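In what follows, a structure is listed as structure tokens, so that the remarks can point back to it.
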Amino acid sequence: MDNKILVINRGSCSVGYSIPEMSVNRSFRPLGQPGDRMTISKEELKALNYTHGGRIIIEKYLMFDEDFARSLGLDVEPEYNYTIEDVKKLLTSGTLEQLEDCLEFAPEGVL
Numbered sequence: 074m075d076n077k078i079l080v081i082n083r084g085s086c087s088v089g090y091s092i093p094e095m096s097v098n099r100s101f102r103p104l105g106q107p108g109d110r111m112t113i114s115k116e117e118l119k120a121l122n123y124t125h126g127g128r129i130i131i132e133k134y135l136m137f138d139e140d141f142a143r144s145l146g147l148d149v150e151p152e153y154n155y156t157i158e159d160v161k162k163l164l165t166s167g168t169l170e171q172l173e174d175c176l177e178f179a180p181e182g183v184l
């Protein structure tokens, strides 16, 4: 089983974290800029999940494999994987119901 997964900063702001026990310091650039994605070990994400503020970073700003997200206890809604293109399409040709679902269920970084 592969131990590393692609992690993407879904937000329009930089996101960073430190895990001193693992000697890890990460900084993701805003979505769409070079450095907005990294391949990270699952152990690192598990450790981040238990650091102060780490759960919030994972829930709101980082996007990665849905199954692994569920294994960390995240509530993964269909809007979890929305990209910038998906949101643009939703705004131009989606229904009001789809937009309301996105506003209600998408992680903060999606919008």
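Residue numbers (the working numbering): 74 to 184.
For each residue, glycine too, the CB sits at the ideal point set by N, CA and C.
Values in this document were obtained by computation on a predicted structure and should not be read as measured data.
By DSSP, does residue i sit in helix, in strand, or in coil?
i: LEU176; result: helix
i: LEU135; result: strand
i: ASN76; result: coil
Measure how close the beta-carbons of residue i and residue j come, nearest whole angstrom, since I'm counting them as under 8 Å.
i: LEU147; j: GLU132; result: 6 Å
Suppose the cutoff is 7 Å on Cβ atoms and the five residues either side in sequence are ignored; what does the same chain contact list for residue i look like?
i: ILE92; result: GLU117, ALA120, LEU121, THR124
i: ASP97; result: With the sequence shown as reference, residue 97 is identified as Val, and Asp is not the correct amino acid for it. Only SER91, GLU117 meet the Cβ criterion.
i: SER85; result: PRO103, LEU104
Within a Cβ cutoff of 6 Å, which residues of the same chain sit near residue i, ignoring the five residues on either side of it in sequence?
i: SER114; result: ASN76, LYS77
i: GLU150; result: PHE178
DSSP beta-bridge partners for residue i?
i: VAL149; result: Beta-bridge pairing links VAL149 to no other residue.
i: GLY89; result: SER100
>> Does the contact criterion of 3 or more C-beta pairs under 8 Å hold for the stretch 155-162 versus the stretch 106-113?
In response: no
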